[in-house]
Amino acid sequence: MVCGIRHLAVIMDGNGRWAKAHGKPRLAGHKAGADTLDRVMHWCREAGIRHLTVYAFSTENWKRSKDEVSGLMKLLGTYLRTKEKQLVKDGVRFRVIGRKGDLSAALQKKIAQVEEATKNGEWNLNVALSYGGRAEIVDAARKLADSFAADPAARAAFDADPEAAFAKCLYAPDLPDPDLLVRTSGELRVSNFLLWEIAYSEIYVTPTYWPDFDKAEFDKALEAYSHRERRLGGRLK
Ligand code: IPE
Ligand code: IPE
Ligand code: MG
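Going by the working numbering, the sequence shown opens with residue 2, and the numbers climb by one from there.
In structure tokens, the structure reads:
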């Protein structure tokens with residue numbers, strides 16, 4: 002099936018509430034959420050979606066309890082160790098977007114290693130970690146200012162096409178903008194995710210918690226997308 006979506010972005014929300022509803026610790030919800038991610042990757046490939054970007058940990062999530070943060074970081078490390086071979090085998094290019102420098106040295110090392118091992122993959126999984134849309138824009142602005150200082154041609158390139166030059170300074174400039182942004186757990190907000198990139202993304206929110214997001218839910222999101230008119234500010238004939 003080809004759904005016309007090149008890039009799907011997902012705010013994987015509701016792990017904590019799912020855990021609570023099942024009388025389990027929050028971390029059990031995050032573990033179940035990691036399994037959902039595996040399934041969604043598979044469905045994306047079946048649907049011909051080549052880029053998947055998922056929000057796993059925001060710049061604001063550091064405010065959570067020490068136990069939850071360390072549990073999540075441990076889970077990320079385990080995820081990378083256990084999935085690395087499969088990612089390579091499946092031709093997945095794994096990338097982290099976000100302030101990687103906020104993560105532990107060990108996790109940064111593992112991420113760099115998996116990014117390197119998967120760099121030739123043709124299918125893209127981008128995991129947003131210590132990610133904030135505002136942080137990304139601020140980091141891009143800093144990068145741009147540094148380039149002006151280092152290279153006079155950078156200023157000319159910016160003046161010629163400011164938005165394109167700015168977008169080149171984002172964390173993963175080669176990615177197309179998301180066509181569809183899905184948020185689970187019913188919250189009607191973007192919570193600082195991909196602020197620049199979702200300018201014209203279609204948005205789909207389901208009340209289902211992320212661990213319960215199944216194939217029927219995935220198909221419903223794609224179905225909803227198929228009925229959207231993407232005018233991009235213009236007019237359809
Ligand atoms: C999303 O689930 C995962 C992360 C933010 C790490 P939550 O942990 O936010 O789950 P809820 O929103 O409390 O249910
Ligand atoms: C957004 O969810 C971040 C991730 C899913 C990783 P949050 O649960 O942190 O967002 P809020 O607090 O509901 O806005
Ligand atoms: Mg949440």
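Idealized CB from N, CA, C, for every residue including glycine. Keep in mind that this is a model prediction, so the values were computed, not measured.
Where residue i sits in the DSSP three-state scheme
{"i": "F242", "result": "With the chain running from 2 to 238 in the structure shown, residue 242 is simply not present."}
{"i": "R40", "result": "helix"}
{"i": "L196", "result": "coil"}
{"i": "H31", "result": "helix"}
{"i": "T207", "result": "strand"}
{"i": "T185", "result": "strand"}
{"i": "Y132", "result": "strand"}
{"i": "F97", "result": "Per the sequence presented here, residue 97 reads as Val, with Phe not at that position. Strand."}
{"i": "I138", "result": "helix"}
{"i": "Y80", "result": "helix"}
{"i": "Y201", "result": "coil"}
{"i": "S227", "result": "helix"}
{"i": "N16", "result": "helix"}
{"i": "A173", "result": "coil"}
{"i": "N62", "result": "helix"}
Cutoff 6 Å; reference residue i; Cβ partners in own chain excluding five residues on either side
{"i": "A33", "result": "P212"}
{"i": "L223", "result": "C4"}
{"i": "S202", "result": "P179 and L182"}
{"i": "L126", "result": "L53, V93 and F95"}
{"i": "L28", "result": "G72"}
{"i": "V11", "result": "V55 and V183"}
Sequence-distant residues of its chain with Cβ nearer than 7 Å to residue i (five each side left out)
{"i": "C45", "result": "L9 and L53"}
{"i": "W63", "result": "V70"}
{"i": "E85", "result": "V115 and A118"}
| Residues near ligand 1, CB to any non-hydrogen atom under 5 Å, in chain order? | D14, G15, N16, G17 and R18
| Are there three or more Cβ pairs, one per stretch, closer than 8 Å when the stretch 133-142 is compared with the stretch 195-202? | yes
| said: Under 8 Å: do the stretch 147-167 and the stretch 71-82 share three or more Cβ pairs, one atom per stretch? | reply: no
| query | Per the contact definition of three or more C-beta pairs closer than 8 Å, is the stretch 168-179 in contact with the stretch 216-233? | reply | no
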